[in-house]
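Below is one structure, written out as structure tokens; the observations come after it.
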Amino acid sequence: GAGVSQTPSNKVTEKGKYVELRCDPISGHTALYWYRQSLGQGPEFLIYFQGTGAADDSGLPNDRFFAVRPEGSVSTLKIQRTERGDSAVYLCASGTGSDTQYFGPGTRLTVL
Amino acid sequence: GIQVEQSPPDLILQEGANSTLRCNFSDSVNNLQWFHQNPWGQLINLFYIPSGTKQNGRLSATTVATERYSLLYISSSQTTDSGVYFCAVGSGGSNYKLTFGKGTLLTVNP
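See the structure below:
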């Protein structure tokens, strides 16, 4: 079956711009996670959805970051007023609960 | 928060060799996963193993939760095993929130 997909695969933007990153989870997975991975580091947790609601957004670094999952499937991570420090690979994962998480290929964000 | 340490940070092997990767964690966990990140950046789940032992082909993993460590064994390594191996843990009621180690960079030479 299809895995987790993320679009775009690469995004280059200018400082101060707004970006949206999309995640399509595995069909039927109720849990969805966003992580951010900087070069040479492991992924860091951003936010967790169970169904349509954000059950835990404690990893979002500040209020420029926001994520939605309006119908309990596709999710969009939104970053306002991007900064150079936001450059990283943004990873999405999905699962059926608190066990195995299946990751997508990521979106590489570069803020110039 | 919980700390995760992986060792060794780097490992170079000849094809066919065996290896053991270690993951130590600072507190009790009820979620532990091993991942392989291939050279293209894709994270692939290898094991969900908060305790006990599992095997999948040439790979096996053991978690001793009471002693706060997990081991990943790779036997008869192949060049396609190259990449970064991550251990990730979760604990308590928010065990979905994985904390990753810095990984072990494995290079398997032909």
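Line by line, the protein sequences give chains A and B.
Positions in the first sequence are counted from 1; adding 88 to them yields the working numbering.
Positions in the second sequence are counted from 1; adding 395 to them yields the working numbering.
From the three backbone atoms N, C-alpha and C, an ideal C-beta is built for every residue, glycine too.
Listed by position along chain B, the residues whose Cβ is nearer than 8 Å to that of phenylalanine 133/A are Lys492, Leu493 and Thr494.
Annotation: the continuous beta strand (DSSP E) that includes valine 479/B extends over 478 to 485. For the pair isoleucine 444/B and serine 423/B, the CB atoms are not nearer than the 8 Å cut-off.
Look at tyrosine 464/B: its C-beta is not under 8 Å from any C-beta on chain A.
A direct Cα-Cα distance of roughly 23 Å separates lysine 492/B from glutamate 108/A. Comparing C-alpha distances from valine 479/B to each of Gly396/B, Gln401/B and Ser489/B shows the shortest one belongs to Gln401/B.
With fewer than 16 other CB atoms across the displayed protein chains lying within 10 angstroms of its CB, aspartate 151/A is exposed. Residue-level contact check: asparagine 440/B touches chain A, since one or more beta carbons of chain A fall below 8 Å from its beta carbon.
If you ignore the 5 residues before and after alanine 412/B, its C-beta comes within less than 6 Å of the C-beta of Ser472, all in its own chain and listed in chain order.
Closest in alpha carbon position to serine 446/B, among Phe481/B, Tyr468/B, Thr461/B and Pro434/B, is Thr461/B. For alanine 176/A, the secondary structure class from DSSP, reduced to helix, strand or coil, is strand.
Counting only the Cα atoms, isoleucine 167/A lies some 6 Å from tyrosine 106/A. Within the segment 97 to 152 of chain A, the complete beta strand (DSSP E) segments at least 3 residues long are 98 to 101, 107 to 112, 119 to 125, 132 to 138 and 141 to 144, listed from N- to C-terminus. Taking the Cα of alanine 181/A as reference, the smallest distance to any Cα among Phe191/A, Asp144/A, Pro158/A and Leu134/A is reached at Phe191/A.
The way I'd put it, the segment 111 to 130 of chain A doesn't touch the segment 404 to 420 of chain B; fewer than three beta-carbon pairs between them come closer than 8 Å. The beta carbon of phenylalanine 153/A is closer than 6 Å to those of Ile167 in its chain, skipping five residues each way along the sequence. Listed along chain A are Asp187 and Thr188, each with a C-beta nearer than 8 Å to that of tyrosine 443/B. Contacts between glutamine 450/B and chain A, judged by CB atoms closer than 9 Å, are missing: the closest CB pair is about 16 Å apart.
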